[in-house]
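Encoded as structure tokens, the structure appears first; notes follow it.
In the numbering used here, the protein residues as written are -18 to 179.
Take a look at the structure:
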């Protein structure tokens, strides 16, 4: 992953010397970083991050730190630093989980379009991957990503009719997808409709 961050080829996996930037320094978003590097490299990075994140003790929470005997002896700056470090560890683990769920989302959408049964990601599973230190704009983007996924998954019966039904049933199912202009997320629903028409 360092090769992709720095634009080097020490591992032999970045022959083009592509420099993506470092998400830890804010040079690129986590989502932008993971989508810019090849899938194999992304999976290896996720496994590495999950391995490191697994070392966080299950009972270690931000509130549990403040109950430790040493907490009151720390300066406010040290307390803030400790909370920031714990938040960063949780965000690292959440980021790895989010990448895995985003990969499942892509697989689910492909299965959906093929008319197959999909077991959708639950809102609870998605919420567990949201970063603690996200900006309001990042949170809104992540919520929109999941809302669009849920909208697509709600169309399973329609896609199954298109793929498995008669041509008339498929045509009726596609026409039923056409959104009203006043619909929330009209643009995204229009994209779903266009995909179903194709």
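All C-beta atoms, glycine included, are put in the ideal place defined by N, C-alpha and C.
* Per DSSP, what kind of secondary structure is residue 151 in: helix, strand or coil? -> Of the three classes helix, strand and coil, the one that applies to residue 151 here is helix, per DSSP.
* For residue 128, which of 141, 103, 74, 114 has the nearest alpha-carbon? -> Considering only alpha carbons, the answer is 103.
* Asked: For the region 91 to 110 against the region 141 to 152, are there 3 or more C-beta pairs whose distance is under 8 angstroms?
  -> Touching, per the Cβ criterion.
* To do: Output the residue ranges of the beta strand (DSSP E) runs that lie fully inside the region 89 to 140 and measure 3 residues or longer, sorted by chain position.
  => Segments of the beta strand (DSSP E) lying fully in the region 89 to 140: there are none.
* Does the ligand MG have a heavy atom nearer than 6 angstroms to the CB of residue 7? -> Although the ligand MG was asked about, the structure shown includes no ligands whatsoever.
* **Same chain only: Cβ atoms within 7 angstroms of residue 101, ignoring 5 sequence neighbours per side** => Excluding sequence neighbours, residue 101 sits near 89, 134.
* **Cβ separation of residue -1 and residue -12, assumed to be a contact under 8 angstroms, to the nearest whole Å** => About 6 angstroms; that satisfies the 8 angstroms criterion.
* To do: Could you name the residues of the same chain whose beta carbon sits closer than 7 angstroms to that of residue 35, not counting the 5 residues immediately before and after it, in chain order?
  => For residue 35, the pLDDT reaches just 49, beneath the cut-off of 50, and the residue's location in the model is therefore unreliable, leaving the point undetermined.
* Nearest-angstrom beta carbon gap, residue 86 and residue 130 [assumed within contact, 8 angstroms] -> Confirmed, about 5 angstroms.
* Looking at residue 126 and residue 75, is the spacing between their C-beta atoms short of 7 angstroms? -> For residue 75 and residue 126, no; Cβs fall outside 7 angstroms.
* To do: Taking residue -5 as the reference, give the member of 4, 17, 108 with the closest Cα.
  => The residue with the shortest Cα to Cα distance from residue -5 is 17.
* **Candidates 108, 60, 113, 178, of which the one nearest residue 83 by Cα** => If we check each option's Cα against that of residue 83, 108 comes out closest.
* Nearest-angstrom Cβ-Cβ length linking residue 132 and residue 170, presumed shorter than 8 angstroms -> Confirmed, Cβ separation roughly 7 angstroms.
* Asked: How close, in whole Å, do the beta carbons of residue 177 and residue 155 come, if the pair is a contact with beta carbons under 8 angstroms?
  -> Contact flag correct, Cβ pair sits at about 5 angstroms.
* Helix, strand or coil: how does DSSP classify residue 48 here? -> Looking at residue 48 - three-state DSSP - the assignment turns out to be coil, as it is neither helix nor strand.
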